[in-house]
Each structure stands twice: as C-alpha cells, then as structure tokens.
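Protein chains: 4
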Amino acid sequence: MNKVILMGRLTRDPEVRYTQTGKVVCQFTLAVDRPFANQEGQREADFIAIVVWGKIAELCGNSLTKGQRALVDGRLQIRSYDAKDGTKRWVTEVIANSVEFIERKATGSGAPVQSGDAGPKSEMESFGSAVPFDEEIPF
Amino acid sequence: MNKVILMGRLTRDPEVRYTQTGKVVCQFTLAVDRPFANQEGQREADFIAIVVWGKIAELCGNSLTKGQRALVDGRLQIRSYDAKDGTKRWVTEVIANSVEFIERKATGSGAPVQSGDAGPKSEMESFGSAVPFDEEIPF
Amino acid sequence: MNKVILMGRLTRDPEVRYTQTGKVVCQFTLAVDRPFANQEGQREADFIAIVVWGKIAELCGNSLTKGQRALVDGRLQIRSYDAKDGTKRWVTEVIANSVEFIERKATGSGAPVQSGDAGPKSEMESFGSAVPFDEEIPF
Amino acid sequence: MNKVILMGRLTRDPEVRYTQTGKVVCQFTLAVDRPFANQEGQREADFIAIVVWGKIAELCGNSLTKGQRALVDGRLQIRSYDAKDGTKRWVTEVIANSVEFIERKATGSGAPVQSGDAGPKSEMESFGSAVPFDEEIPF
DNA sequence: TTTT
DNA sequence: TTTT
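Here is the structure:
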C-alpha cells in the first residue's frame, strides 16, 4: 500500500516531455497548504513534485495551468540521480494515477486557458531537466 | 487535503529524540514495495522517511523494530536544511498521524523483541543527525 | 485503518441538529460521480450519507448549500436502528473528520449564499428524522 | 474522488460466485475495529461488505479465510434491490480495487489454509443470495 | 432517491 | 449481526 492524495494549486504551467522510448510524461509542482499556521501566524505550503504518465499526462498538459487547483491521487516514489558535483541525490515525487481538474481558470473570453508559449517554456525546460528521466518508470 | 497511507517494513530500529523544547520525535524509514517489477524482473522498494511526534513517537520507539511491518497514515511534508557545502537541500518526509503495528516480530522466547542496543544505536544517531530538527514541526 | 475520501456535490442543504446531550451534528448527502458510464452511456452517482460532529458541523451548516462541491475525509460507520415494521435495519454513513469547501456558490450580489429558510427546512427535518441519533457517536 | 481504505478481519470465508454473463465476483465482510471504546469501555467493530471482481476475486476466494486480516483499497458504492416486502432497499458496499493479504493463517502442517468445504459453503450461499447481483457492476 |  |  502506497497511496497519496493531494489537493493544491499548480505553481507553474505543467511541462510535458517525451522519454527516449517515446512515452509521454508530464511534470508539475503542487502547492499544498499546511493544515496549521507557523510561529508567525502564516499558513505555509508544501511544494510537491507530481509526475504523470501516458494519456493523463497529455490531458494535464492541455488543461492545467499555473494557479489552477487539482486533486491528485497517486503513490510516493523516490528517484536517485547524480548531481553535478558527482554525489548521488534523491528526489521524492508523487506518481499520479489520476488528476481531477477542480476548476477551470476563467478568461475574459470564457474559453479554456491554453498553456505553453515561448516565454514560460524555456523556464519549464530548465526545471524539468534538473532531474532527468534516464530510466523509464513503469506505469 | 494532504494524505499519505503506506504499508512497509522498518529498515532499521526507530530513533527517538527530543527537540530543544522537549518534544518527542521518532524517525524511521519504511521500505515500501513497488507494485510492479523492474526491467530485471525484480520488485524494488521505495525507502520513505517517517516522522512521528508526541505520544505515538514514544509508542513507536518502544514497540517497533527493524524488519517489522507498519501501516502509516500521515501527510507529506518538505523540510529544507543547509548542507555541509553551504547549499540548501530539501527532504521529503511523511509526518505520521497514526502508526499501526501489523505484526510483532517473533523471538525464540515468544517475548516481544526489544529495540535498541549499542551496535545499531550509533548507526541510527548518524542517520538522524543528517537533517536536524532546528524548527519545531507543529502537530 | 478505516479511511474514506469523497468528492461530490450536496444533494440538498445540510441539516444541523442537536443530540440529547447537546452535541452538534450535521448531516448531508454527497452525490459522488461514478468513474465510468453505465450501459446507457450515462455516468451515475452514488448518494452517500455524511455525518459531521462538533465545530465542523456548525461550519458545514453555515457554509454549505445544496449543489456545492465538498471534499470529505472520514471513516465508514454502520448504525443500526429499528424500522417501523419492527425489524432491525442498518445504515452506512461516512463520519467526517474534515470537510473542505471546494467552491463558494456564486450569487448575484457576490455575497456568500446563506442556507436554510422555511421551505426546505421542513423537508430536511423529515429526512433527518428517518434514522434518529439515540446514541451518541463518540468523536 | 471516491476512495476507501480498510484494514480488518474476515468475519467468514469469502464467497465466490459468477454473474449471468460469466464474471467472477467475490464477497466477504470485513470487521474493522473502531478507533475508540464505547460507553462500556469496549471497542466495537464495523462490519463492512466488500465486493471484488475479476482476477482478484479468484485470488481472494483461494487465499482468504475467516479470521484473516486483509487491507482493502476500493470505492464506496450503493446498490438498490427489492426487498421481499416489495419495498426498495439500499446496500452500501466497498468495491475493492486491491486486497492485500496481511497474514497467512497458520496451520499445523505449515501449508496455506484452503477455504471452502461442504459445511460452511451452504451458509455462505444463503448469505450471498440476500442481495442478488442482477445487474453487472462495471469494473 | 437526490447533485452538476 | 459476524472477526481477533
């Protein structure tokens, strides 16, 4: 048993990439509010890395944008990678089985907001490339 | 909503410590089997850091030992700390609300296994001190 | 371990009542969409009874109205009661630990919708009295 | 989102049956301890109906027996049926996606306990027939 | 016996 | 109407 359920907001537009073997993968970060306030009386958030594979990855890439709320159901997974300084590092990610789009971000035209244009794209790429997907994560 | 449910085995005896303000905290790592086999046909595991506070922390310290199964219910949390090289690092932990002891490890005498003796103790300490609890994590 | 997580819409305004010992209890039904279509190609819903106690009960009574979405976290519980025909019956309910209000129902004035007026009230009362709370459900 | 996670003990051997269209279905009841004691200081249990379909149904039928612990992950579903008195009734069931066998019941020989022989079989049948599966529940 |  |  390895279950995770999170509700939060995307900290940026999701990034969709393809592995060497052609699998679709979508990555984004979810800001999940903590259930309590800190010493300064502020409610912080945890910024949790989400990974989605396959058909749902495409849906997320097409439908989700920065700031939207999403309800993620998945499992915790830990990946190791080699840092630039030669040491081994670990990242903890939630591999999503399903993603529910809680709200559609309203636009002036009423049309669904479309993610991804030149500006944010490069920023996302640098984010995504920090921990490469050398190995396939089976679904 | 931030929920995690994990079932796995302790990779070592739990470590119990006290914060500067006297709160009890118990840490251990849970090996959670992946739901599929890798390319070599082996089932790997994720090694997930668990943190327990308060009364349950004491119970875990007294009752759980390396190799035992536990069912953990909690929430994902990310802590930052300063690495020895001066850079900022993040650890992802599961803050447990409850821990169910699935099985009592059998001994020759039939008595419950008692955790903690000199050998493994020092090893645990080094593990625990890697990411110090400078700040209180409110419950 | 007894955990339930549901997201759905209230089928009517919640009903708030008080037990003989003065505890607040709030009841409503959540329509939760099924994850698939039936033979006629329609997606049905399950109508699940929710029970909330204490402070959260009051919040639900004040903030939730028919049609709104809510994210409920709780546990399954089965209560028995005596039907009018003298036989024993059982109801399955979700005892909520927390209820997240996913959306505020929009009004013309922009003010939060207020639940409860004479009309629907009597209808709710009849609903609530079907299975009385003779015994306290400890929290 | 409709998620249920339960850990408890089978109150009887599971019953395996087949629908008119040849689908395998396995039913059992899980006794799930309540997290608190009642007024008499006793911990009660909720007796929750579990339904499993397909391959996992067969595994459950072959591997689980009365008294064993199981960890069930599934979703809540409500089925209606016509009572003998002509009225409509509802049953709430947990449709399991996965069932983890927490422990193997020990036998003198050390061999896995095999469920199902003539005696209990007839008892199970009567249990199962109380609420028939006239309609297929899609998976 | 229901919600959108 | 039940499990340990």
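Protein chains in written order, with the working numbering: chain A, -1 to 137; chain B, -1 to 137; chain C, -1 to 137; chain D, -1 to 137.
A virtual CB, placed ideally from N, CA and C, is assigned to each residue, including glycine.
Given the structure is predicted, the values throughout are model-derived calculations rather than measurements.
Check the C-beta distance from residue i over to residue j and give it rounded, since I have them as a contact under 8 Å.
i	j	result
LEU28 of chain A	ARG7 of chain A	7 Å
ARG32 of chain A	ALA43 of chain A	6 Å
Would residue i be called buried (16 or more neighbouring beta carbons within 10 Å of its own) or exposed?
i	result
GLN112 of chain C	With a pLDDT of 29 at GLN112 of chain C, under the threshold of 50, the modelled position of this residue cannot be trusted, and the question is left open.
ALA116 of chain A	Note that ALA116 of chain A has pLDDT 28, beneath the 50 cutoff, so the model's placement of it is unreliable and the number below is only indicative. With fewer than 16 other Cβ atoms within 10 Å, it is exposed.
GLY20 of chain D	exposed
PHE26 of chain D	buried
THR105 of chain C	Note that THR105 of chain C scores 45 on pLDDT, short of 50, meaning its location in the model is unreliable; the coordinates nonetheless yield the value given after this. Answer is exposed; the Cβ neighbour count stays below 16.
LYS1 of chain C	buried
SER124 of chain D	Its pLDDT being 29, under 50, SER124 of chain D is placed unreliably by the model, and the measurement read from it follows with that caveat. It is exposed - the Cβ of SER124 of chain D has fewer than 16 other Cβ atoms within 10 Å.
ILE75 of chain C	Looking at the sequence provided, one finds Gln at residue 75 of chain C rather than Ile. Per the 10 Å Cβ criterion, buried.
GLU91 of chain D	buried
GLY39 of chain C	exposed
ARG41 of chain B	exposed
ALA109 of chain D	Bear in mind that the predicted position of ALA109 of chain D carries a pLDDT of just 34, short of 50, making it unreliable; the figure below should be weighed with that in mind. Classification of ALA109 of chain D: exposed, given that the 10 Å Cβ count is below 16.
Can you name the residues of chain B whose CB is closer than 7 Å to the CB of residue i?
i	result
LEU69 of chain C	MET(-1)
ILE3 of chain D	ILE3
Using a C-beta to C-beta distance shorter than 9 Å, which residues of chain C count as neighbours of residue i?
i	result
ASP44 of chain D	ASN0, ARG73, LEU74, GLN75, ILE76, THR90
Looking at the strands, I want to know which residues DSSP matches up with residue i.
i	result
MET5 of chain C	C:LEU69
THR17 of chain A	THR17 of chain A is not bridged to any residue.
SER78 of chain C	C:TRP88
ALA35 of chain C	DSSP lists no partner for ALA35 of chain C.
ALA47 of chain B	B:THR27
ASN0 of chain C	D:LEU4
GLU98 of chain C	C:LEU69
ILE93 of chain A	A:VAL49, A:ARG73
Along chain A, in chain order, which residues have C-beta atoms closer than 7 Å to that of residue i?
i	result
ILE100 of chain C	ILE100
Please name the residue, chosen from the options, that lies closest to residue i on a Cα-to-Cα basis.
i	options	result
THR63 of chain C	C:ASP83, C:ILE100, C:ARG10	C:ARG10
ALA81 of chain D	C:THR85, C:GLN66, C:TYR79	C:THR85
VAL23 of chain D	D:TYR79, D:ILE93, D:LEU69, D:GLN66	D:ILE93
VAL50 of chain A	A:GLY39, A:PRO12, A:ARG87	A:PRO12
MET5 of chain C	C:GLY65, C:GLN75, C:GLN37, C:ARG87	C:GLY65
THR17 of chain B	B:SER61, B:ARG77, B:GLY52	B:GLY52
GLY72 of chain D	D:ARG87, D:ASN95, D:GLU91	D:ASN95
TRP88 of chain B	B:ASN60, B:LEU69, B:ARG77	B:ARG77
GLU98 of chain B	B:ALA55, B:GLY39, B:THR90, B:TYR79	B:ALA55
ILE3 of chain A	C:VAL30, C:SER61, C:LEU69	C:LEU69
VAL30 of chain A	A:LEU57, A:ARG67, A:ASN36, A:SER61	A:ARG67
ILE100 of chain C	C:PHE34, C:SER61, C:ASN36	C:SER61
PHE34 of chain B	A:MET(-1), A:TYR79, A:PHE34	A:MET(-1)
Residues of chain D with a CB under 7 Å from the CB of residue i: which are they?
i	result
VAL30 of chain C	ASN0
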